[in-house]
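In what follows, a structure is listed as structure tokens, so that the remarks can point back to it.
Numbering (my numbering), first residue to last: 7 to 69.
Listed below in structure tokens is the structure:
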């Protein structure tokens, strides 16, 4: 599974990405997953961000 510009991220990189998104100065009013190349791994790894967002757009996901 590939995500984020075709780069395969290590578990540490996923953790860092989620940490940065969750600790951003900007509020997570809406998280639009289609801004990322969606894979099953991407959805699972971004779950903490999706849960923290007030609204999540999953319209491009095949769940």
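No residue lacks a Cβ here, since even glycine has one placed at the ideal position from N, Cα and C.
All of these numbers come straight from a predicted model, not from anything done at the bench.
Selection from the options that minimises the alpha carbon distance to residue i
{"i": "residue 24", "options": "61, 54, 59", "result": "54"}
{"i": "residue 62", "options": "46, 48, 38", "result": "38"}
{"i": "residue 15", "options": "48, 57, 56", "result": "48"}
{"i": "residue 22", "options": "46, 51, 45, 34", "result": "51"}
Counted within 10 angstroms of its Cβ, other Cβ atoms place residue i as buried (16 or more) or exposed
{"i": "residue 8", "result": "Reliability of the predicted coordinates at residue 8 is poor, the pLDDT of 41 falling under 50, and no value is obtained from them."}
Residue i - DSSP class collapsed to helix/strand/coil
{"i": "residue 62", "result": "strand"}
{"i": "residue 55", "result": "helix"}
Nearest-angstrom beta carbon gap, residue j and residue i [assumed within contact, 8 Å]
{"i": "residue 18", "j": "residue 36", "result": "Residue 18 to residue 36, Cβ: 27 Å. No contact."}
Would you list, in sequence order, the uninterrupted alpha helix (DSSP H) runs of no fewer than 4 residues that lie entirely inside the region 15-52? Those alpha helix (DSSP H) runs which fall completely within the region 15-52 and span 4+ residues are 17-28, 46-51.
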